[in-house]
Structures are given as structure tokens and as C-alpha cells.
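Reading through the C-alpha cells given below for one structure.
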Ligand SMILES: [Zn+2]
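In our numbering, the protein residues as written are 4 to 284.
Next up, the structure:
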């Protein structure tokens with residue numbers, strides 16, 4: 004799953020390539036919109052909302068896309084070769100006189116009236132990288148279900164929008180709590196720091212090509228993707244296990260020494276291991 008900063012960067016790429024220009028090419032390669040042609044319409048903007056992208060066109064139309072696990076928007080110059088994947092993975096092409104944006108493997112692609120955007124993003128909690136960021140509300144949302152494991156509450160975009168699997172593990176490490184600790188059991192001083200910490204992490208990575216949470220010169224991440232290497236603070240081997248509701252399990256990393264709280268027993272099944280080893284985001 005992409006993190007909010009990845010989506011923010013994609014939105015900026017699309018905005019810089021298309022905004023203010025008229026479309027010279029419009030091609031939606033999904034059955035529902037196969038006959039839609041937006042050629043001639045001016046693109047107004049692309050904005051990120053949590054992990055959703057909203058591309059607005061004149062005439063009150065919005066293209067809503069979501070990258071989910073595999074999706075990507077790439078931007079090419081007129082003579083550039085498209086290298087984002089095989090042709091059958093392309094879901095949308097939006098071209099102007101000098102730039103072409105190509106959407107690969109987009110799991111969500113829908114056109115709607117711009118006045119109806121709330122329908123697709125209205126459920127989101129405060130956006131960590133948005134103008135609506137509201138730390139008090141994010142904290143209140145996180146605590147509406149005190150029994151919920153911290154890691155799951157952080158990933159729930161209705162609480163606060165923008166945290167994916169990488170920041171989930173890193174934030175739990177920085178809070179000194181395992182991802183399985185019930186939110187309500189988080190000590191008050193650490194809970195209060197949570198929204199600010201999450202906001203700083205995403206904000207400081209917004210413009211970085213490589214995600215960095217440690218502030219250390221030689222290591223970008225504290226725990227994510229590092230099992231079974233030693234913890235950067237205490238040298239205990241970092242551990243990994245699934246966390247989720249069974250349908251959407253995510254590999255979750257933690258240090259059993261630096262982080263307090265419940266955790267799966269060592270040797271618990273790790274079905275994800277082969278599947279995720281090569282795609283650690
Ligand atoms: Zn440690």
C-alpha cells in the first residue's frame with residue numbers, strides 16, 4: 004500500500020504536467036469509460052486526499068484514482084518511451100501538447116461530478132498532508148475504539164489519512180509500543196505525541212525520494228523491512244509477523260525489546276514472507 008507521501012508526490016507530478024493545459028489525448032482503458040473522451044477540456048488541478056488522487060477538469064468533472072498496492076501514475080515527454088509496465092496494464096492516458104500522464108494498474112478509476120467528491124473521500128479522517136490536518140481530531144478518532152490494536156488503528160484511513168504499512172511499523176517503534184498494544188493502553192504522554200509525530204514523519208518525507216524516519220546517516224528505517232537484523236537501538240533481532248483481519252494481512256515489524264505490549268508468539272505462521280520479500284512497500 005502506498006504511503007501518503009508517495010501519493011502526494013504522484014499528485015504533484017500530475018499537477019505539474021497537466022494543470023492549466025487542454026487535453027490533446029484522453030484514453031480510459033476500462034470498460035465503463037471506454038467511450039469517454041475528454042479531449043479539449045482543460046485540466047484544473049490534481050490534489051491528494053489521503054491516498055486518493057483527484058484530478059479535476061473544467062466542466063465540473065473529477066477523475067478519482069487510487070494506487071492501492073500496485074498502481075502508479077507516470078509522466079512522459081512527447082518522444083519518451085513509456086516504461087511503467089506492459090501495455091495491458093495501462094488504465095488511463097491523459098495527454099497535453101508536451102506531456103503524457105499514464106496510469107498503470109490503477110485499482111480504482113472513476114469519473115464523477117466534482118461536486119460529488121465528498122462521496123469518495125468524505126469518509127477520510129484528517130489528512131496528514133492536507134490543508135485539513137487536525138491533530139486533536141485525529142487523536143480523538145484513534146481513541147474511539149480503545150481495544151483496537153495500535154497498528155490497525157493507525158492504518159484505518161477513517162482515523163487519520165496517509166499512513167501505510169511502512170509508517171505504521173515505524174511509528175509504533177518511535178512510540179515504544181508494539182503494533183498489537185490496544186490503543187487505550189498507550190500511556191497518555193506517548194498518545195499525545197502520536198499525531199504530531201505522524202505529521203512530522205510524512206511532512207519531512209514529502210519531498211524525499213528515499214523514505215527516512217531515523218534521522219541517521221546510514222539507516223533509513225528503524226524496523227520496517229529489517230527482520231531479522233539487529234535493532235538500531237538495542238541490537239535485539241527485529242521481528243516480523245502478519246497483522247490484519249485475515250483478508251488484508253500486512254507484514255508488521257517491531258523490536259521486542261524497545262517496544263512494549265503484546266505480540267504474536269515467535270514462530271507464528273508468516274504466510275506473507277515469500278510474497279512480500281521483494282516488494283517491501
Ligand atoms: Zn530495540
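Note that beta-carbon positions come from the ideal geometry of N, C-alpha and C, so glycine has one too. Remember, it's a predicted structure, so these values are computed and weren't measured experimentally.
Comparing the CB of residue 229 with every heavy atom of ligand 1, is any distance shorter than 7 Å?
-> no
6 Å Cβ shell around residue 12 - same chain, five flanking residues per side excluded | none
C-beta atoms of residue 200 and residue 235 nearer than 8 Å = When the beta-carbon positions are compared, residue 200 and residue 235 stay at least 8 Å from each other.
Within 8 Å, strictly: CB atoms of residue 63 and residue 117 = yes
With distances taken Cα to Cα, identify the nearest neighbour of residue 126 among 91, 54, 151, 180.
-> 54
Would the beta-carbon of residue 234 be found less than 7 Å away from any heavy atom of ligand 1?
-> yes
Cβ of residue 261 within 7 Å of any heavy atom in ligand 1?
-> yes
Outcome for residue 68 when other beta-carbon atoms lying within 10 angstroms are tallied against a minimum of 16 | Looking at its Cβ environment, which holds 16 or more other Cβ atoms inside 10 Å, residue 68 is buried.
Could you spell out where the alpha helix (DSSP H) holding residue 259 opens and where it closes?
-> Unbroken run through residue 259: none, as it is neither H nor E.
Mind reading off the beta-carbon distance from residue 92 to residue 180? Whole number of angstroms is fine, and I expect it under 8 Å.
-> In fact, because the Cβ distance is near 39 Å, the residues do not count as touching under 8 Å.
Nearest-angstrom Cα distance between residue 146 and residue 186?
-> 7 Å
Report the three-state DSSP secondary structure of residue 18 (helix, strand or coil).
-> Helix at residue 18.
Rounded to whole angstroms, how far is the Cβ of residue 108 from the Cβ of residue 143, which I believe are closer than 8 Å?
-> Contact flag wrong, Cβ pair sits at about 36 Å.
Heavy atom of ligand 1 less than 7 Å from the Cβ of residue 175, yes or no?
-> no
Around the C-beta of residue 106, are 16 or more other C-beta atoms found within 10 angstroms, so that it is buried, or is it exposed?
-> buried
Opposite residue 113 in the DSSP bridges: which residues?
-> 67
From the DSSP output, read off the bridge partner residues of residue 77.
-> 105
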